[in-house]
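Written out below as structure tokens is the structure these notes cover.
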Amino acid sequence: MDKSHLLQQIQQREWFYHFTLPSGESTESYLPDEARAVHDTRLQMMQSCLHAHYGEIPEATTAIDLACHQGYFSHHLSTMGHQQVTGIDARKEHIDDASLICEAMGHQNIQFQQRDVFSLTPETDGQFDTVLMFGLLYHLENPVGALRVAKSLCKQVCLVETQVGPHVSGQLDWGHYEFVKPMMGSFTVIDECHETHGPEMSTLGICLAPSTETLIWIMQKIGFSKVELLTPPKGAYEQIRFGKRVMVAGYI
Ligand SMILES: C[S@@+](CC[C@H](N)C(=O)[O-])C[C@H]1O[C@@H](n2cnc3c(N)ncnc32)[C@H](O)[C@@H]1O
């Protein structure tokens, strides 16, 4: 398709993100005004964490964006200097959209695949210096398994961004009142069973959101050598400012 037709097609509809097109124009977003800052804040946090880790992104650095949706963060990973970026998402319509935007932006180094996160392995897909898992964990019934997948694909730094739930701690009787175990945290169960058609939703419907402390503990247990909760920037989107969504970095 020629470039002007492509841009026309893109401008005729609304998107999940505001993409700034090569013409300088921005795509319309269907997100309500008050929620749009979620993307800006997460982008800012991703960029400052990766800059702190890499400085300038070294040549030959690779990245994977798990649950890439329309490829907004994949696009920014490429713009920051990752040499090769892979975006995967379970929904075909997102992969088609991400590919369209990518073509309009002229990126040669991003490839998108329709994949379930649980189908990825380092043996078949390789490993990536940077792994992003934004907005996915709390749409899954097996969030620990997904974190293990992310860790297995990661060569340097893994950024996990998620909605979180309340924390539970203390001691629990474990078989007998005299046998107790400390509780390492909790997951909140959310029902998306009737919303699996939604573009941003779970594909299966049963969703488990960890508490912040639980997420950090699990990331340490599955083998990240250092795990840090990232500080929201000034003026962050309210959910991130008040710790209802968090971004955690795990380092190999
Ligand atoms: C809330 S959106 C987040 C999109 C993007 N990562 C972001 O943070 O802006 C959730 C995304 O997860 C995708 N998704 C849900 N379950 C998935 C799975 N099992 N494997 C891969 N992608 C999945 C959805 O299709 C959707 O694009």
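Start counting the sequence shown at 175; every next residue gets the next number (the numbering used here). Note that the Cβ used here is the ideal one computed from N, Cα and C, for glycine as well.
Exposed unless 16 or more other CB atoms sit within 10 angstroms - verdict on residue i
| i | result |
| --- | --- |
| A320 | buried |
| S376 | buried |
| H350 | exposed |
| R187 | exposed |
| K355 | exposed |
| L327 | buried |
| H370 | A small correction: the amino acid at residue 370 is Thr; His does not occupy that position in the sequence shown. Burial call: exposed. |
| G229 | exposed |
Residue closest to residue i, alpha-carbon to alpha-carbon, out of the options
| i | options | result |
| --- | --- | --- |
| E267 | T194, P317, G372 and G424 | G372 |
| C367 | G379, G300, E374 and C242 | G379 |
| N316 | K408, A237 and I364 | I364 |
| L205 | D303, G198 and Y191 | Y191 |
| A211 | T304, E412, K418 and H313 | E412 |
Contact set for residue i: own chain, Cβ-Cβ below 7 Å, skip 5 residues either direction
| i | result |
| --- | --- |
| M254 | Q221, L224 and I231 |
| R415 | P406 |
Under 8 Å between C-beta atoms of residue i and residue j
| i | j | result |
| --- | --- | --- |
| A410 | V338 | no |
| S343 | I284 | no |
| L217 | L195 | no |
| L389 | T336 | yes |
| V323 | V291 | yes |
| V331 | Y425 | yes |
Beta-carbon proximity list for residue i, same chain, < 6 Å, skipping 5 on both sides
| i | result |
| --- | --- |
| F193 | T201 and I275 |
Check: residue i C-beta below 7 Å from any heavy atom of ligand 1
| i | result |
| --- | --- |
| G300 | no |
| V291 | yes |
| S273 | no |
| L217 | no |
| E297 | no |
Same chain only: Cβ atoms within 8 Å of residue i, ignoring 5 sequence neighbours per side
| i | result |
| --- | --- |
| K177 | A278 |
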